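**Q** This is the structure, below, for whatever I ask next.
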Amino acid sequence: MPITINKALRNRLERIYLFANTDYFVRYYGSKLGILWAFLNPFLQIVIYYFAFSYLIFKQRDTSFVLYLFTGIITWQFFAEASKSAITLFQRQRYILQNIDLPKIDFFWSLILSKFWGYFINFLIFLAFSLAFFHNSLSLTLLWIIPIWIGLAMFTIGVCFYLATLYIFLRDLDHLWSIVIMAGFWTVPIIWDYKIIFEGYEFMMYNPLTAFVVQVRQVTLQNQMPDLKYLSIALLISAFIAISGYFFMKYKSKKALEFL
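Counted the way our numbering counts, the sequence shown spans residues 10 to 269.
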């Protein structure tokens with residue numbers, strides 16, 4: 010029995026990896042540079058931000074603002090890309106779902122894994138620039154990035170559960186969500202400093218995305234422990250959204266798939 014369970018689990022993990030691998034690499038299919046774009050894109054982004062904010066927009070601003078900006082953008086991008094892709098997930102995979110008995114959650118795990126690969130490569134480029142050109146140092150506080158990433162993944166997959174299921178009944182959701190993403194970018198401290206804006210509005214820190222963006226910067230740019238109060242709250246909210254989203258998807262998707 011244990012051998013059978015282990016084999017089934019291994020096959021399931023391999024399937025999730027295969028779906029994630031296909032989703033990630035298909036975007037580079039047909040390109041001459043191929044997977045190199047995964048590294049070139051964030052590299053060129055940082056270079057452009059550096060020149061734009063150092064010489065064009067904010068000439069007097071500390072050049073480390075480029076790293077501040079980049080960490081916020083890549084963290085937000087992970088959530089934005091995953092959630093937008095999740096909206097049409099059931100529609101894209103409807104033939105598999107209607108003809109093969111597979112756990113629906115596996116498609117969501119593969120989606121999160123695929124988007125996280127891109128986020129992780131961006132993060133490695135950020136660390137390389139931080140060490141090589143900005144002379145930042147690393148410490149053991151960087152290990153706090155693990156629970157932050159876990160929380161970010163939980164929050165994101167929970168939102169994905171809701172969006173993928175709701176889209177079956179509300180086909181305008183993809184357009185509505187694009188507006189939410191555009192507006193949300195300005196409500197999270199990606200460009201602006203949360204310490205200034207949040208005077209009297211500390212409740213905004215209870216937005217998990219805000220907490221995760223702030224804590225990522227705290228452990229990478231400032232070599233400080235995250236604020237355990239806000240991190241704990243963000244993790245609890247993210248866990249609730251992930252669990253409730255899963256049961257919402259599980260309950261609604263059975264009948265919802267008939268509408269595809």
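Glycine is no exception: its CB is placed at the ideal position from the N, C-alpha and C atoms.
Computed from a prediction, not measured in an experiment: that's the story for all the values here.
Does the beta-carbon distance from Ala243 to Pro217 come in below 7 Å?
**A** Closer than 7 Å, so yes.
**Q** If you draw a straight line from the alpha carbon of Val56 to that of Leu136, how long is it in whole angstroms?
**A** Rounded to the nearest angstrom, the gap between the Cα atoms of Val56 and Leu136 is 14 Å.
**Q** Kindly list the residues whose CB is nearer than 8 Å to the CB of Ala251, restricted to its own chain and excluding five residues on each side of it in sequence; keep chain order.
**A** Met163, Phe164, Ile166, Gly167 and Phe170
**Q** Output needed for Ser241: all residues of its chain with C-beta closer than 7 Å, excluding positions within five of it in sequence on either side, in chain order.
**A** none
**Q** Keeping to the same chain, check which residues put their C-beta closer than 7 Å to that of Phe221; ignore five residues upstream and five downstream.
**A** Thr84, Ile157, Gly160, Leu161 and Ala243
**Q** If you reduce the DSSP assignment to three classes, tell me which class Phe212 lands in.
**A** helix
**Q** Could you please give the first and the last residue of the uninterrupted alpha helix (DSSP H) stretch that includes Thr219?
**A** Pro217 to Thr229
**Q** May I ask you to verify whether the segment 136–152 touches the segment 182–192, counting CB pairs closer than 8 Å and requiring at least 3?
**A** The segment 136–152 makes no contact with the segment 182–192: fewer than 3 CB pairs, one atom from each, lie closer than 8 Å.
**Q** Output yes or no for whether 7 Å exceeds the beta carbon distance between Tyr176 and Ile96.
**A** yes
**Q** Taking DSSP as the reference, what is the three-state secondary structure of Met234?
**A** coil
**Q** Under 7 Å, do Ile200 and Ser119 count as touching if we go by C-beta distance?
**A** no
**Q** How big is the Cα-Cα spacing for Lys263 and Thr80?
**A** 39 Å
**Q** Taking only the alpha-carbon atoms, compute the straight-line gap between Ala192 and Met213 and give it to the nearest angstrom.
**A** 15 Å
**Q** Give a yes or no on whether the C-beta atoms belonging to Asn232 and Ser148 are separated by under 7 Å.
**A** yes
**Q** Relative to the C-alpha of Asn145, which residue among Met258, Gly254, Asn20 and Ser73 is closest?
**A** The shortest Cα separation from Asn145 among Met258, Gly254, Asn20 and Ser73 belongs to Ser73.
**Q** Does DSSP put Ile157 in a helix, in a strand, or in coil?
**A** DSSP places Ile157 in helix when its eight states are reduced to three.
**Q** What is the rounded straight-line gap between the Cα of Arg226 and the Cα of Ile109?
**A** 43 Å
**Q** CA-CA distance, Leu27 and Lys204?
**A** 43 Å
**Q** Tell whether a beta-carbon distance below 7 Å holds between Leu151 and Val228.
**A** yes
**Q** Closer than 6 Å by C-beta to Lys261: which residues in its own chain qualify, once you throw out the five before and the five after it? Chain order, please.
**A** Thr174
**Q** Should Lys238 go down as buried or exposed, given a rule of 16 or more other Cβ atoms within 10 Å for buried?
**A** exposed
**Q** Hey, would you say Thr219 sits closer than 7 Å to Val189, going by beta carbons?
**A** No, the Cβ-Cβ distance between Thr219 and Val189 is not below 7 Å.
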